[in-house]
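Data first, discussion second: the structure below is written as structure tokens.
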Amino acid sequence: MKKHLLAAAAVLAFAPALNAQVNPDAVLMTVDGKAVPVSEFEYLYDKNNNQQLQPQTLDQYLDMFIVYKLKVAAAEHAGIDKTESFINEFTKFRNELAAPYLVDNSVKEQLVQESFNHRTKEVTVSHIMMQGPDAARKLDSIRTAIVEGRTTFEEAAQANSIDTPSARRGGLMGVVTHDRFPWAFEKAAFDTPEGQISPVINSGFGEHIIRVEKVVPTEGEVNAAHILLMTRGMDEAAAAKQHERIDSIYNAVVAGADFAELAKKYSQDPGSARNGGDLGWFGRGMMVAEFDSTAFALANGELSKPFATSFGYHIIKRLGSRMPEFNAETRRDIENRIAGDERSQLPARARTEQLMQENHAQLDRNELVKLHLFLNSTEAKYDSAAIAALEANQNVIGKFDGGQITVADIMVNADQTPTRNFNAAIAMLNAAAQKTLENAVLDAERKRLEASNADYRNLVNEYRDGILLYEVSNNNVWDKAAKDTKGLEQFFKKNIKKYKWDQPKFKSYIFFADNDSVLNEALAYAATLDATAAQTFTTEMRTKFGNKLKVERVIAAKGENPITDYLGFEGKRPDDSKKTRWTHYAAFAGRIIDAPEEASDVRGAAVTDYQAALEKEWVKQLKKKYKVKVDKKVFGQVKDSRK
1 MKKHLLAAAA VLAFAPALNA QVNPDAVLMT VDGKAVPVSE FEYLYDKNNN QQLQPQTLDQ
61 YLDMFIVYKL KVAAAEHAGI DKTESFINEF TKFRNELAAP YLVDNSVKEQ LVQESFNHRT
121 KEVTVSHIMM QGPDAARKLD SIRTAIVEGR TTFEEAAQAN SIDTPSARRG GLMGVVTHDR
181 FPWAFEKAAF DTPEGQISPV INSGFGEHII RVEKVVPTEG EVNAAHILLM TRGMDEAAAA
241 KQHERIDSIY NAVVAGADFA ELAKKYSQDP GSARNGGDLG WFGRGMMVAE FDSTAFALAN
301 GELSKPFATS FGYHIIKRLG SRMPEFNAET RRDIENRIAG DERSQLPARA RTEQLMQENH
361 AQLDRNELVK LHLFLNSTEA KYDSAAIAAL EANQNVIGKF DGGQITVADI MVNADQTPTR
421 NFNAAIAMLN AAAQKTLENA VLDAERKRLE ASNADYRNLV NEYRDGILLY EVSNNNVWDK
481 AAKDTKGLEQ FFKKNIKKYK WDQPKFKSYI FFADNDSVLN EALAYAATLD ATAAQTFTTE
541 MRTKFGNKLK VERVIAAKGE NPITDYLGFE GKRPDDSKKT RWTHYAAFAG RIIDAPEEAS
601 DVRGAAVTDY QAALEKEWVK QLKKKYKVKV DKKVFGQVKD SRK
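Residue numbers for the sequence shown follow our numbering, beginning at 1 and rising by one.
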């Protein structure tokens, strides 16, 4: 299943406006014995009208809704809802729809507030960084030695840190501000008290210990423009000339020249030069030290004197400054950043743990021990025989309020790779058991949501029915019309008078070759075949000549194509100045026709019309096959509530 009629349902949950007089759970109708509540009908009616230029009345929509439900009933009778592909796709979408409901919003809000609080401070830190499988243990030992006074942080950094620039400075790294470092590193820097050393943390790039040197309120961000003349890699004489040039530019700005225009003309920082030197907003620590200190020392609108960094000579014009402000834009930015790192999992993780506790979910320790003993008793440990035995084991290994999981269930989440490493296999199975139990509890919560939350239930039903509707419609109408060549041809012949052209068309096969020999051979061979069976004819020609010949079936009016104009309408041969491989071509079985002769001559229109005919007949049969009963009293209440 690749397409869906209701893809927009993943984005919005449209809550219908119900009058208090109408019970949303009241049964509006039954279709093939299946009850449809008022809430589902109104949800889809409101959503449909919200997408239409000309809204429908309830009476107009009712018949369309009934047809929709009849098709869903047909899909269920066809067993589409029992297929593996449907179950996998529906489960995936249902879980995605449930995700916003299965988070601890208080944790989410705490993360937002924590991130904003980081924006109000600047933390100067030193760190020691190491990599390798034993790095965490070594760093923990180094930290202990520092805390106990057996060495200093500076000595340990110089001797062990792989961050060479900071190691040379005794580990001094500089200012840490929000959103510039991996979250684990940022959090450790802001959580560690001034003068203290953090526990060992993993940033994703290595293991670290962090010492906080100073914590001060943030100076906010500045917006500055600069003009840069590069000196990196130059000898002293060349650098001196750059110094003279920057002084001249500075004097010109002081005399009244436009800074932005001079930046565009002379600055050797191409990224900012095209914007008049504008670097955008930046905070402390985001630029090299000399640039950073100069930019933050200026007043808004003030111009710096020329100064040097490792890149070259600069002039800065400070354009503005701002302090952190918590508003809707800030929240969106923070939430987007949270969604992009490890914090994104924390609200869902917290809610899962809550649900596990609320549902008294726990693994059976005795069964886990049996699992361990079983693996320990097998000579090959976790091999194919052991895996097969575990997949057949129906012992209950976990329970929660209203449900349970078996050993066989946990094998769905277990790694199927055989191993003789007993400890690794046990650790993997324990993790699989925990994950399976959590999934079972979450699945039970999703079912509870369907029963208790109308918005979620309507979204789930819409997706489910949408997938079924696509598949059953494809089988009975869309795909059928495209593939049923015999039926399509019969439909065309029956309705041939409907299909007309404004002008004659040239109908033919065109053979393309790179020499006359192949082209003539192809024309001779084609004469021995039945050209009226288009698909078979084309297949046989391609089989015979392979990549030496290109075969195209064409139908075109005069003026639509230069090659068909030449071959069919005595036009001028197309210009061959743009050489391609296919320099020799000729028409086979070509003729001028005044009107379509077969469905393939007007395939697009014929298939569309055939689909409409199949749809009409199919709906007619569905109405005969499946019983529909509308509660007119309830429907009347719905209409009255909307007046």
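Built from N, CA and C at the ideal position, the CB exists for glycine as well.
Computed from a prediction, not measured in an experiment: that's the story for all the values here.
Using CA coordinates, which residue listed in Leu97, Ser267, Val602 and Glu540 is at the minimum distance from Asp443?
Leu97
How about Glu290 and Val216: are their beta carbons less than 7 Å apart?
no
Are the Cβ atoms of Asp179 and Arg337 separated by less than 7 Å?
yes
Along the chain, where does the alpha helix (DSSP H) that runs through Phe545 open and close?
Ala534 to Phe545
Could you give the distance in angstroms between the alpha-carbon of Lys639 and the alpha-carbon of Leu58?
Here the alpha carbon of Lys639 sits roughly 7 Å from the alpha carbon of Leu58.
State whether the stretch 140 to 147 contacts the stretch 243 to 252, with contact taken as three or more CB pairs (one from each stretch) at a distance under 8 Å.
With the rule of 3 Cβ pairs closer than 8 Å, the stretch 140 to 147 does not count as touching the stretch 243 to 252.
Within 7 Å of any Cβ in chain D, is that where the Cβ of Trp501 sits?
The displayed structure is made up of one protein chain only, and chain D is not part of it.
In whole angstroms, what separates the C-alpha of Phe635 from that of Tyr101?
31 Å
What are the residues that DSSP puts in a beta bridge with Met129?
His208
Please classify Thr231 as buried or exposed, where buried requires at least 16 neighbouring CB atoms within 10 angstroms.
buried
What three-state label does DSSP hand Leu18 in the structure shown?
Unreliable placement is indicated for Leu18, whose pLDDT of 41 sits below 50; no coordinate value is reported for it.
In the structure shown, what three-state DSSP assignment does Gly590 receive?
strand
Considering only residues of the same chain and omitting the five flanking positions on each side of Thr583, which have a CB-CB separation below 7 Å?
Asp514 and Asp576
Do three or more CB pairs link the stretch 225 to 243 to the stretch 152 to 161 at distances below 8 Å?
no
Alpha carbon to alpha carbon, how far is Leu449 from Leu368? Give it in angstroms, no decimals.
Answer to the nearest angstrom: the Cα atoms are 31 Å apart.
Rounded to the nearest angstrom, how far is the Cβ of Ser126 from that of Glu213, given a contact under 8 Å?
A Cβ-Cβ distance of about 6 Å is found for the pair Ser126 and Glu213, placing them in contact under the 8 Å criterion.
For the alpha helix (DSSP H) that Ile146 lies in, which residues bound it at each end?
Counting along the chain, the alpha helix (DSSP H) containing Ile146 begins and ends at Ala135 to Val147.
Terminal residues of the continuous beta strand (DSSP E) containing Phe506?
Lys505 to Ala513
For the stretch 598 to 613 against the stretch 483 to 502, are there 3 or more C-beta pairs whose distance is under 8 Å?
Because the criterion of three Cβ pairs below 8 Å is met, the stretch 598 to 613 and the stretch 483 to 502 touch.
Rounded to whole angstroms, how far is the Cβ of Val477 from the Cβ of Gln611, which I believe are closer than 8 Å?
5 Å
From the DSSP output, read off the bridge partner residues of Gln404.
Lys399
Curious, which full-length beta strand (DSSP E) runs of at least 3 residues does the stretch 296 to 330 contain?
312 to 322
Return the chain-ordered ranges of every alpha helix (DSSP H) run that is complete within the stretch 417 to 454 and spans a minimum of 4 residues.
422 to 452
Please confirm if the stretch 420 to 438 is in contact with the stretch 382 to 400, defined as three or more CB-CB distances below 8 Å between the two stretches.
yes
So the candidates are Asn117, Lys497, Glu89 and Gln158; which of them puts its Cα closest to the Cα of Ile128?
Gln158
For the beta strand (DSSP E) containing Asp278, list its first residue and its last residue.
Asp278 to Gly283
Alpha carbon to alpha carbon, how far is Ser517 from Val551? Give it in angstroms, no decimals.
16 Å
Could you give the distance in angstroms between the alpha-carbon of Asp191 and the alpha-carbon of Arg446?
Taking the straight line joining both Cα atoms gives about 36 Å.
The beta strand (DSSP E) that contains Pro37, what's its start and end?
Lys34 to Pro37
Cα-Cα, which of Ala531, Ala556 and Met541 is closest to Ala522?
Of Ala531, Ala556 and Met541, the smallest CA-CA separation from Ala522 is found for Met541.
Would you kindly work out how many angstroms separate the C-alpha atoms of Pro574 and Tyr585, rounded to a whole number?
11 Å
Decide yes or no for the touch test of the stretch 83 to 95 against the stretch 162 to 171: beta carbon pairs closer than 8 Å, at least 3 of them.
no
With contact counted as at least three CB pairs below 8 Å, one residue from each stretch, are the stretch 411 to 420 and the stretch 352 to 365 in contact?
no
Closest to Ser383 by CA distance: which of Glu261, Gly402 and Thr419 is it?
Rather than Ser, the amino acid found at residue 383 in this sequence is Asp. When only C-alpha atoms are compared, the closest one is Thr419.
Confirm, please, whether the CB-CB distance from Phe282 to Thr294 is below 7 Å.
Against a cut-off of 7 Å, the Cβ pair of Phe282 and Thr294 comes out as no contact.
Which value, in whole angstroms, describes the spacing of the CA atoms of Ile426 and Ala408?
15 Å
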